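All you need for our numbering is the position in the sequence shown, starting with 1, plus 235.
Each residue gets a CB set at the ideal place from its N, CA and C atoms; glycine is no exception.
These numbers were taken from a predicted model, which means no experiment stands behind them.
Written out below as structure tokens is the structure these notes cover.
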Amino acid sequence: MIKLKNSIRSEIDKIIYLYKSKNLIAALNLSNKLIGLKHNIPFLFNINGIINLSLENWTNALLAFKKTLEYDNKFIEAYNNLGVAFSHLGENDKAIESYKKAIELNKNYASAYNNLATQYDDYGKYSVAINYYIKALKCNPEHFNAQNNLIRILNFYKTDQLENNSIIKANNKIQEIHSKILTSNEILTSDLSKYIKECNEIIKINLKKTIYLDTQIHRRNGENLNCDRHKKAFNKYNIIPEYCFSCFKVQIELKEVSQLIKLFIFFNNLKLPNDNIRKCFVELRENIKGNYKALIYCSSVDDAKVISKLIEVDLNKLLKNFNLDIKRGCTEFDFSFPGYKDVKKLNEIFYNEEWRKKEKLIDIEIASGSQKGKKKFSRSLNNITLSEVLIINNWLTYAKIIGDESYKEISSEFIFSNHISALTKKIVK
236 MIKLKNSIRS
246 EIDKIIYLYK
256 SKNLIAALNL
266 SNKLIGLKHN
276 IPFLFNINGI
286 INLSLENWTN
296 ALLAFKKTLE
306 YDNKFIEAYN
316 NLGVAFSHLG
326 ENDKAIESYK
336 KAIELNKNYA
346 SAYNNLATQY
356 DDYGKYSVAI
366 NYYIKALKCN
376 PEHFNAQNNL
386 IRILNFYKTD
396 QLENNSIIKA
406 NNKIQEIHSK
416 ILTSNEILTS
426 DLSKYIKECN
436 EIIKINLKKT
446 IYLDTQIHRR
456 NGENLNCDRH
466 KKAFNKYNII
476 PEYCFSCFKV
486 QIELKEVSQL
496 IKLFIFFNNL
506 KLPNDNIRKC
516 FVELRENIKG
526 NYKALIYCSS
536 VDDAKVISKL
546 IEVDLNKLLK
556 NFNLDIKRGC
566 TEFDFSFPGY
576 KDVKKLNEIF
586 YNEEWRKKEK
596 LIDIEIASGS
606 QKGKKKFSRS
616 LNNITLSEVL
626 IINNWLTYAK
636 IIGDESYKEI
646 SSEFIFSNHI
656 SALTKKIVK
């Protein structure tokens, strides 16, 4: 920081304290007050911009970072922050230009490389994005966001860009493993255990410190169900969007983690007439029953019935102690509108035409809100990835914490996640 009078430094320290304490409005007001007193301090403008970013005041943030650079055109972090503001405003080319300027001033700026990568990642330019994620991790091998972004992108894109990158190397080695469980509907626990142990050995050799928090494994077909938009409408207005009345799910609920892992392998091999999206996960939502679940998304109740019948015979051969059911929409909707998810009550709970106005308000809010992170939805690769093996280890951590001893059938020496452990303990009843 440049040399400042003690009184101004004290006020800036107070702004930083308020910001870190999540007292954003007070922090913003104090920073605006100092700026209004003609304290043309680049650091102060940069802080003001960061606070505005946190408050989703994208335009004000943009102006603050521009002002920072007006007084100090070598302020590296301000170029990176300016890129973030441009990204939220949908100015992708200007965001890229800003990140590159930050990197030009500091060739080892990991966060700028990561942010630059996400710009290309968002609209599906995966090869370019991977190149920048690799550069971010060369600068900082423990950069959390760059690690997780690179691991996630490998679910959609196969690359040989090794360049001594441990994440890509581990992912490719996992995909080189030949196991009969990857091609057969008959999945023996002993074979599954051997496969997971082999994958984990690869991870332990190549990845020294990786934190991966995902707990859901998806098989995507490239379609965007727009669930974030629908949940936003529900959470803000307590309405069920019209689209959700035609969203049905074949739900499989299980008692043991070993069964969930088998089901994931089954889903990976499963061919469905409409290439339906599917996912397997552990239940981390509060006040929702069940521990291990899998869903196949369907566009009608008839589609769900066909799929349910199609997979029931194989599931009976593969799994034990499971429940197969068809439900509509999200569980949370049923809390506000009891009976909504029950397919036997389809003629009792209808879409309320008054809700259409509120859906339009949500669409306006989304259109005028942040444009950052609106990723292209790509098809999942059929190969099992590093991401999915790490998620399986998160499932095993979850199982151990809730007292499900079946994790020992897979491995007692899995990669334990302290983060998933802490998260699980919060929701264990």
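So, using beta-carbon positions, are residue i and residue j closer together than 7 Å?
i      : j      : result
Leu495 : Tyr527 : yes
Val624 : Val578 : no
Gln606 : Gly325 : yes
Tyr586 : Glu421 : no
Ala330 : Gln354 : yes
Ile300 : Asn316 : The question names Ile, but residue 300 in the sequence shown is Phe. In this structure, Asn316 lies closer than 7 Å to Phe300 by Cβ.
Ile487 : Phe557 : yes
Asn653 : Ser571 : no
Ser641 : Glu491 : yes
So what's residue i in DSSP terms, helix, strand or just coil?
i      : result
Ile645 : helix
Tyr204 : Because the chain here runs from 236 to 664, residue 204 falls outside it and cannot be looked at.
Phe612 : coil
Glu521 : coil
Asp510 : coil
Cys515 : strand
Lys660 : helix
Arg464 : helix
Ile412 : coil
Gln382 : helix
Tyr586 : coil
Tyr472 : helix
Lys528 : strand
Lys562 : strand
Met236 : Bear in mind that the predicted position of Met236 carries a pLDDT of just 45, short of 50, making it unreliable; the figure below should be weighed with that in mind. Three-state result, Met236: coil.
Glu491 : coil
Lys484 : strand
Give every residue of the same chain whose Cβ lies closer than 8 Å to the Cβ of residue i, excluding the five residues on either side of it in the sequence, and list them in chain order.
i      : result
Asn670 : With the chain represented from 236 up to 664, any question about residue 670 goes unanswered, as that position is not in the structure.
His485 : It should be noted that the sequence gives Val, not His, for residue 485. Counting only Cβ-Cβ distances below 8 Å, and skipping sequence neighbours, we find Leu530, Ile531, Cys533, Ala539, Ile542, Ser543, Ile546, Leu559, Asp560 and Ile561.
Gln382 : Leu372, Ile402, Thr445, Ile446 and Tyr447
Tyr367 : Tyr348, Asn349, Leu351, Ala352 and Tyr355
Lys580 : Gly574
Using a beta-carbon distance below 7 Å, is residue i in contact with chain B?
i      : result
Phe310 : Absent here is chain B; the protein component of the structure consists of one chain.
When burial is assigned at 16 or more other CB atoms within 10 Å of the CB, is residue i buried or exposed?
i      : result
Glu246 : buried
Ser346 : buried
Asn470 : exposed
Ile599 : exposed
Cutting at 6 Å between CB atoms, please list the residues of its own chain near residue i, excluding the five before and the five after it.
i      : result
Asn390 : Ser615, Thr620 and Ser622
Pro277 : Thr303, Tyr306, Asp307 and Phe310
Ile645 : Ser428, Ile431 and Ser493
Segments of 4+ residues assigned as alpha helix (DSSP H) that fall wholly inside the segment 244 to 268: none
Segments assigned alpha helix (DSSP H), at least 4 residues, entirely inside the segment 277 to 314: 277 to 289 and 293 to 306
Any alpha helix (DSSP H) of 4 or more consecutive residues that is wholly inside the segment 328 to 377: 345 to 357 and 361 to 374
Completely contained beta strand (DSSP E) runs for the segment 397 to 458, where each covers 3 or more residues: 451 to 454
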